[in-house]
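In order, the protein sequences belong to chains Z and F.
When we follow the numbering used here, the leftmost residue of the first sequence carries the number 25, and every step to the right adds one.
When we follow the numbering used here, the leftmost residue of the second sequence carries the number -5, and every step to the right adds one.
Contents: one structure, followed by commentary.
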Amino acid sequence: VQLVESGGRLVQPGGSLRLSCAASGFTLSNFWMHWVRQAPGKGLVWVARMNNYGSITTYADSVKGRFTMSRDNTKNTLSLQMNGLTVEDTAVYYCTRGMGDNWGQGSLVTVSS
Amino acid sequence: DVVMTQSPLSLPVTLGQPASISCRSGQSLLHTDGSTYLNWFHQRPGQSPRRLIYKVSNRDSGVPDRFSGSGSGTDFTLKITKVEAEDVGVYYCMQGTHWPYTFGQGTKLEIK
């Protein structure tokens, strides 16, 4: 099982960014998938989750209306579209399988002017 | 949101000695499906979290048997029988019964 995030970078407040997560070593359609973030030096925060086929998606209140999670089971990828970024969104973003049984290495998003 | 409260937040332990971390939730973690979704994670500096225990007491694959989880309802405990050097880092409890899933603040284990 491998999860590899990409797309993190420095972005200005109010900007947008799309993170991707490439999954391998398992059948993506068998699992709920999630995004979790960790601000520098802080704890873990669950951001979003999506069911196996993308028909159910739920978000933390802090990102609702700004972030959109999607998945393509045929391409074994997840995405997190992040709009209206603020400095409070600065964090390492992890994609994780199921209820955290496997994690990627994380992708750092820095929101700063 | 369900508040998860861990104690202690700092845990200095002598190698070979036992360690215990408590986690309390603001409401019962018993799901309507009968399961209790309380997990424990370990995060070493600069690394991704690794799940150790799922549904209160089930060890993940490859997790040494010196780790054990117990509890029910709102009170849970992670125990390490004999701490080894590789056990340093931050331990988090996490509830997956109520959305949004929430983590405890983390307990930093260090070697004395």
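A virtual CB, placed ideally from N, CA and C, is assigned to each residue, including glycine.
Computed from a predicted structure; not experimentally measured.
What first and last residue would you give for the beta strand (DSSP E) that runs through residue i?
| i | result |
| --- | --- |
| Arg45/F | 44 to 48 |
| Asn33/F | 32 to 37 |
| Ser131/Z | 131 to 135 |
| Ser86/Z | Run containing Ser86/Z: none; DSSP gives neither H nor E here. |
| Leu104/Z | 101 to 106 |
Quick check on residue i: does DSSP put it in helix, strand or coil?
| i | result |
| --- | --- |
| Asp96/Z | strand |
| Leu52/Z | helix |
| Asp(-5)/F | coil |
| Asp69/F | strand |
| Ala63/Z | coil |
| Ala79/F | helix |
| Asn111/Z | Correcting the residue identity first, residue 111/Z is Val in this sequence and not Asn. The answer is helix: DSSP assigns Val111/Z an H, G or I state. |
| Ser14/F | strand |
| Ser40/Z | coil |
| Ile74/F | strand |
| His92/F | coil |
| Gly63/F | strand |
| Val25/Z | coil |
| Lys106/F | coil |
| Tyr118/Z | strand |
| Arg53/F | strand |
| Arg73/Z | strand |
Please check the pair residue i and residue j, which I expect to be a contact at CB under 8 Å, by giving their CB distance rounded to whole angstroms.
| i | j | result |
| --- | --- | --- |
| Leu104/Z | Ala72/Z | 7 Å |
| Leu109/Z | Ser40/Z | 7 Å |
| Thr(-1)/F | Gly90/F | No, Thr(-1)/F and Gly90/F are not in contact; Cβ-Cβ is about 17 Å, not under 8 Å. |
| Met93/Z | Trp56/Z | At roughly 11 Å, the Cβ-Cβ gap does not stay under 8 Å, so Met93/Z and Trp56/Z are not in contact. |
| Gly78/Z | Arg95/Z | 5 Å |
| Cys17/F | Phe70/F | 5 Å |
What do you reckon, are the CB atoms on residue i and residue j nearer than 7 Å?
| i | j | result |
| --- | --- | --- |
| Gly100/F | Tyr86/F | yes |
| Met74/Z | Phe91/Z | no |
| Leu23/F | Trp34/F | no |
| Lys102/F | Thr8/F | no |
| Thr96/F | Val(-4)/F | yes |
| Ser131/Z | Gln36/Z | no |
| Tyr117/Z | Val133/Z | yes |
| Gln11/F | Val84/F | no |
| Ala46/Z | Thr101/Z | yes |
Could you list the residues in the region 21 to 35 of chain F with a C-beta less than 9 Å from some C-beta on chain Z, going in chain order? Taking 9 Å as the Cβ-Cβ cut-off against chain Z, the residues of the region 21 to 35 of chain F that qualify are Tyr31, Asn33, Phe35.
Within 9 Å of chain Z by C-beta, residues of the region 74 to 101 of chain F in sequence order: Cβ contacts with chain Z: Val84, Tyr86, Met88, Gly90, Trp93, Pro94, Tyr95, Thr96, Phe97, Gly98, Gln99, Gly100.
Residues of the region 35 to 47 of chain F whose Cβ lies closer than 9 Å to any Cβ of chain Z, in chain order: So the list reads Phe35, Gln37, Gln41, Ser42, Pro43, Arg44, Arg45, given in the order they occur along the chain.
What residues in the region 93 to 125 of chain Z have a beta carbon less than 7 Å from any beta carbon of chain F? Cβ contacts with chain F: Tyr118, Met123, Gly124, Asp125.
Interfacial residues, the region 47 to 61 of chain Z to chain F, with Cβ spacing under 9 Å: Going along the region 47 to 61 of chain Z in chain order, one finds His58, Val60 with a Cβ nearer than 9 Å to chain F.
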